[in-house]
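Following: one structure in structure tokens, then a few remarks.
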Amino acid sequence: MLRKLVLLACVAVFVAGCGYKTAVTTIAETEGVYVDVAGLTYQIQLSRYLNPGDVEDKQYLQGLPPGVSPNLPGDEIWFGVWMRVKNYSDVPLMPTDTFVITDTEGNKYEPVPLDSATNVFVYDPILLQHAQVLPTPDSAASSGPIQGSLILFRLKTTSLQNRPLKLSIEHEGAESAEVDLDL
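Residues -23 to -1, 1 to 160 (mature numbering (1 follows the signal peptide of the UniProt record, and there is no 0)) are what the sequence shown spells out, left to right.
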């Protein structure tokens, strides 16, 4: 009987030591890995080049700023990053809108603003309640094949040789996260 009690006590101590712990991840060597910034969890669903001549990609390029053509000079490309964000905390939190792509030479690229009234796939942060997700369920961005909201970048083609490209997810007052983009 004493042996059983000692064994039971040992198991209880072991299980207590393996309690629920929340680890914060801020570095991802590939897309698909969850990273944490300012209490929210971000995941890149996909990143890829966009072709203005492609039927699907034309829709992603809707809502460009006035005067910006979908057709770029030969030394530039459109690059899309589709993001998913979830609030696992118990308090409402606002996702960031600060993203930067950096190549190994230190060239930096910020998102091209897209009009969310014209482009239903655009990443447009809203205050997320507990367990709420961006893109909003049942939206075009959430229901589409990628299941993420589009963040659009305009890159120099020379940066494609300076890989890995890294996406920084930044939020004022919080530690940023960094994800290697799959090209």
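All residues carry an ideal CB built from backbone N, CA and C; glycine is no exception.
Here the structure is a predicted model, which means the values were calculated and not measured.
Residue i versus residue j - alpha carbon distance
i	j	result
Phe130	Asp67	33 Å
Ser24	Leu158	7 Å
His107	Arg61	15 Å
Thr134	Glu53	5 Å
Pro111	Val97	What sits at residue 111 in the sequence shown is Leu, not Pro. So the two alpha carbons sit approximately 13 Å from each other.
His148	Ala(-1)	18 Å
Leu70	Pro47	34 Å
Pro102	Gln109	12 Å
Gly40	Ala5	30 Å
residue 163	Gly121	In this structure the chain extends from -23 to 160, so residue 163 is not present and cannot be described.
Lys(-3)	Thr18	Note that Lys(-3) scores a pLDDT of 44, beneath 50, so its modelled location is shaky and nothing firm can be said.
Val45	Thr7	31 Å
Leu142	Asp115	31 Å
Ala117	Thr3	29 Å
residue 166	Gln36	It is not possible to answer for residue 166, since the shown part of the chain is limited to -23 through 160.
Ile123	Thr113	13 Å
Whole-number beta carbon distance between residue j and residue i, since they are thought to touch under 8 Å
i	j	result
Val32	Ala154	Incorrect: roughly 33 Å between the Cβ atoms, too far for contact.
Leu38	Pro50	Not confirmed; about 15 Å, so no contact.
Ser145	Asp80	With a Cβ gap of about 12 Å, Ser145 and Asp80 do not count as contacting.
Pro42	Pro88	Incorrect: roughly 11 Å between the Cβ atoms, too far for contact.
Continuous alpha helix (DSSP H) stretch holding residue i: start and end
i	result
Asp34	Val32 to Tyr37
Ser120	Ala117 to Ser120
With 16 other Cβ atoms within 10 Å as the buried cut-off, status of residue i
i	result
Val156	buried
Leu160	exposed
Gly150	exposed
Pro72	buried
Gly125	buried
Glu152	exposed
Val99	buried
Ala15	buried
Leu105	buried
Span of the beta strand (DSSP E) around residue i
i	result
Ile78	Thr75 to Thr79
Gly57	Glu53 to Asn64
Gln22	Leu17 to Leu27
Ala154	Ala154 to Asp157
Ile128	Ser126 to Lys133
Val1	Val1 -> no beta strand (DSSP E), and no H or E assigned at all.
Val14	Val12 to Val14
Ser145	Lys143 to Glu147
Are there three or more Cβ pairs, one per stretch, closer than 8 Å when the segment 70 to 82 is compared with the segment 119 to 139? yes
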